[in-house]
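Undergrad: Quick one: this structure, given as structure tokens, is what I'll be asking you about.
Chains as they are written, first to last, in this note's numbering: chain G, 3 to 320; chain B, 562 to 972.
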């Protein structure tokens, strides 16, 4: 049993849950609210969510209702739960965590590998193969309840019994028993790596204006009418990963009519300027193509063969 | 039942019970308890779950109401107007573009004095690009509806019931607003009140209707000899609404113990400057006040009819010398944005400096950084400003914040 770090009951404690769209990060945050005995609220990060894109959900708990009154997003969590360790490659999961905070990760990797990812020696780590245990207990790799078994153990915010109560609110039928089995299993098996640094909530200050995403353009960078010139309305987001279809281009059957270029809703048709000044279609921007296949729809092709074709990712040609 | 969060409302609630639900489902629950006859709404993010929950409740027979599917928000409000005129207790819900589409039909609801209630899950409208997150589109139409706002899920649940009380007492349609996503998709714990209490709070009141015994015509053509008198009669009627709102708040308090007022003051004793705002932001400011006790918070719960005299009295009584308004709407070309304009008009006789700050549009978080800056700007404010409004918490250029005063940036 871990020694619970002493905490002021009236203080705000916040949890941030990292997941991929569809893994149930928001449900996990809701379960924290159900399980906590006292004032609590949770909400997702407000941004685009699609199956597979990294998402965040937050929970705020405190014995003092005034402490959780703010509807501000969470910038300085004390506990971070990561439902999928591949997220740690894409984004910084330890953002805003003060020394002595906790990172709880679903992983089969060693603590040294995880530390290398996060580059933080001053944090406590709790690692568990939640996916493996979830497949064993639920028959599916859904880890949102599992990770809370670990959170219950390291945080002491709620007990396993509280979590069982929460699961009974959230789930129906045999999922209740399976999930309760799962959290008990995780509770027993989670590996804990503590550092001897007391958590200091005062050192967890929100960096000034960090919510403004300053590395994006500003009001004066826009052209008249705020036209977007970037595919998918964002160069920085790999919206192509959301799509089910991969689009292929065959230049031999392209008559350069440019219909696909106008039809594409995401400006994901790539073109190159020729020596004579004309623009020719040369392919597809896989980073931003969501696989809607409108380009195939409009393609007149040559000799009865379309210049564009789609393939279900990881499947046979469509 | 197919929508699990709605479960508590599938049976009679006999005792006050603590629930944890999203704002939208809490509203769906409260509307269920008020026993409407007609529900007609067109789904739009971020209002969708409220109507989804209600369709579930109606589909499984828990609520005996007509759930009417229509092709647009314009049709939804037209249908609600007709249903309510026929005497039905009618509920609608919308947001953003849906609200803009139904604006054509909104004046008739107030013109005919129909007690429709409507949820607005406040969301930005689409210009110059599409955004589904929070902003205050509802301020765009001033057509005689009562408007209530909520800071959290408890308040939006309560507002769903109080709005109906106000609507039926005042015979004016009433919309209650919660901030899209910030409240509509957040799970908070709140106390639901027993069905019996809701029934006591919302008895069927006598309404004006047309019957075969007393035939008449609604919505006919009137000539220049008539319209102004009809508008004045509407305006005179509107003036009688505020006491009815107070009455509804009092009745609600006596049943539930939860005390509401048209304007609430939070830590205004002894302060020289205060922020006037409404909605979910009030919670953020109240938390920020812990470290900044020198700025008061004046929270508007009722936006229309605007509690003008009360606001003036509050500012006078507390001896507040400077006012900042925070709002999530803008009005290019106007002297200032909508909420700021109302506050400016209300406080005009006091002659104090007032500045309107535009924040949090399109789901931009409104944080302690914004409030720190507002405090700093209030400190610098002397006399009536040339520009009544300004944007804060926005990027001017790549890596540059729109404000010459902000030097301190860490990242």
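The beta carbon of each residue, even a glycine, is placed where N, CA and C say it ideally should be.
Exposed or buried, which one is residue 706/B when buried takes at least 16 other CB atoms within 10 Å?
TA: Buried.
Undergrad: Going along chain G, which residues have a C-beta under 8 angstroms from residue 963/B?
TA: Those are 220 and 221, listed as they occur along chain G.
Undergrad: For residue 919/B, count neighbouring C-beta atoms within 10 Å of its own C-beta (all shown protein chains included) and say buried if the count is 16 or more, exposed if not.
TA: By the neighbour-count rule (16 or more Cβ atoms within 10 Å), residue 919/B is buried.
Undergrad: Quick check: the Cα distance between residue 659/B and residue 634/B, rounded to an integer number of angstroms?
TA: When rounded, the distance between both Cα atoms is 5 angstroms.
Undergrad: Can you pull the chain G residues whose beta carbon is under 9 angstroms from the beta carbon of residue 959/B, in chain order?
TA: Residues of chain G passing the Cβ test: 216, 217, 218, 219, 220 and 223.
Undergrad: What does residue 227/G reach in chain B if we use C-beta pairs closer than 7 angstroms?
TA: 689, listed in chain order.
Undergrad: What is the residue span of the beta strand (DSSP E) that residue 740/B lies within?
TA: Per DSSP, residue 740/B belongs to the beta strand (DSSP E) from 735 to 740.
Undergrad: Note down, in chain order, every chain B residue with its Cβ under 9 angstroms from the Cβ of residue 290/G.
TA: The contacting residues do not exist; residue 290/G stays about 16 angstroms from chain B at best.
Undergrad: Exposed or buried, what is residue 514/B when buried is set at 16 or more other beta-carbons lying within 10 Å of its beta-carbon?
TA: A question about residue 514/B goes unanswered here, because the residues of chain B that appear run from 562 up to 972.
Undergrad: Please list the partners that residue 565/B has in chain G, where partner means a Cβ-to-Cβ separation under 8 angstroms.
TA: 172 and 174, listed in chain order.
Undergrad: Where do the N-terminal and C-terminal ends of the beta strand (DSSP E) with residue 35/G fall, by residue?
TA: No beta strand (DSSP E) contains residue 35/G, which is instead part of the alpha helix (DSSP H) from 27 to 37.
Undergrad: State yes or no: is the beta carbon of residue 72/G nearer than 8 angstroms to at least one beta carbon in chain B?
TA: It does: the Cβ of residue 72/G has a partner Cβ on chain B nearer than 8 angstroms.
Undergrad: Below 8 angstroms on C-beta distance, what does residue 929/B contact in chain G?
TA: What residue 929/B touches in chain G: 74 and 208.
Undergrad: Here's a check: name, in chain order, each residue in its chain whose Cβ is nearer than 6 angstroms to the Cβ of residue 19/G, leaving out the five neighbours to either side.
TA: Only 27, 30, 31, 59 and 83 meet the Cβ criterion.
Undergrad: Report yes if the C-beta distance between residue 38/G and residue 195/G is below 8 angstroms; otherwise report no.
TA: Contact flag unset, no.
Undergrad: Determine, using beta carbons only, whether residue 160/G comes closer than 8 angstroms to chain B.
TA: Not one chain B Cβ lies under 8 angstroms of residue 160/G.
Undergrad: On the criterion of 16 or more Cβ atoms from any shown chain inside 10 Å, does residue 725/B qualify as buried, or is it exposed?
TA: Its Cβ being crowded by 16 or more others within 10 Å, residue 725/B is buried.
Undergrad: Using a cut-off of 9 angstroms between C-beta atoms, extract the partners of residue 954/B located in chain G.
TA: What residue 954/B touches in chain G: 211, 213 and 214.
Undergrad: Check for me: the alpha helix (DSSP H) holding residue 714/B runs from which residue to which?
TA: Run containing residue 714/B: 714 to 731, per the alpha helix (DSSP H) assignment.
Undergrad: Whole angstroms are fine: how far does the CA of residue 242/G sit from the CA of residue 56/G?
TA: One C-alpha to the other measures close to 14 angstroms.
Undergrad: By DSSP, does residue 917/B sit in helix, in strand, or in coil?
TA: In the structure shown, residue 917/B sits in a strand (DSSP, three-state: E or B).
Undergrad: Using a Cβ-Cβ distance cut-off of 8 angstroms, determine whether residue 318/G contacts chain B.
TA: The pLDDT assigned to residue 318/G is 44, lower than 50, so where the model puts this residue is not dependable; a value taken from the coordinates is nonetheless given after this. No, residue 318/G lies away from the interface with chain B (no Cβ there is under 8 angstroms from its Cβ).
Undergrad: Could you list which residues in chain B have their beta carbon closer than 9 angstroms to that of residue 44/G, in chain order?
TA: What residue 44/G touches in chain B: 581, 747, 748 and 749.
Undergrad: Report yes if the CB atom of residue 148/G is closer than 8 angstroms to the CB atom of residue 165/G, and no otherwise.
TA: No, the Cβ-Cβ distance between residue 148/G and residue 165/G is not below 8 angstroms.
Undergrad: Going by C-alpha to C-alpha distance, which of 179/G, 191/G, 70/G and 114/G sits closest to residue 130/G?
TA: Looking at the Cα atoms, 191/G is the closest of the given residues.
Undergrad: Below 7 angstroms between beta carbons is the criterion; list the residues of the segment 844 to 855 of chain B that meet it against any residue of chain G, in chain order.
TA: If the cut-off is 7 angstroms between Cβ atoms, the segment 844 to 855 of chain B has 844, 845, 847 and 848 near chain G.
Undergrad: Do residue 312/G and residue 257/G count as a contact pair if the criterion is CB distance below 8 angstroms?
TA: Going by C-beta atoms, residue 257/G is not nearer than 8 angstroms to residue 312/G.
Undergrad: Taking C-beta pairs closer than 9 angstroms, name the residues in chain G that residue 694/B reaches, listed in chain order.
TA: Result: 48 and 49.
Undergrad: Considering only the alpha carbon of each residue, which of 697/B, 627/B, 597/B and 715/B lies closest to residue 41/G?
TA: The residue with the shortest Cα to Cα distance from residue 41/G is 715/B.
Undergrad: Can you tell which of 683/B, 688/B and 895/B has its C-alpha closest to the C-alpha of residue 226/G?
TA: Closest option to residue 226/G, Cα to Cα, is 688/B.
Undergrad: May I have the straight-line CA-CA distance separating residue 49/G from residue 599/B, to the nearest angstrom?
TA: Cα to Cα, residue 49/G sits roughly 34 angstroms from residue 599/B.
Undergrad: Please name the residue in 283/G, 157/G and 89/G whose C-alpha comes closest to that of residue 189/G.
TA: Ranking the options by Cα distance to residue 189/G, first place goes to 157/G.
Undergrad: Is there contact between the segment 283 to 298 of chain G and the segment 260 to 267 of chain G, where contact requires at least three CB pairs shorter than 8 angstroms?
TA: Segments in contact, yes.
Undergrad: I'd like to check one pair, residue 569/B with residue 753/B: are the Cβ atoms closer than 8 angstroms?
TA: Yes, these two residues count as a Cβ contact at 8 angstroms.
Undergrad: Got a sec? Which residues, its chain only, sit under 7 angstroms from residue 970/B by beta carbon, not counting five neighbours each side?
TA: Legend: pLDDT at residue 970/B = 45, less than 50; position of this residue unreliable, value from coordinates given subsequently. The answer, listed in chain order, is 962.
Undergrad: Using a Cβ-Cβ cutoff of less than 7 angstroms, which residues in the same chain neighbour residue 318/G once the five nearest sequence positions on both sides are dropped?
TA: Confidence in residue 318/G is poor, its pLDDT being 44 and thus under 50, which makes the residue's placement unreliable; the coordinate value appears in the next sentence. So the list is empty, once near-sequence residues are dropped.
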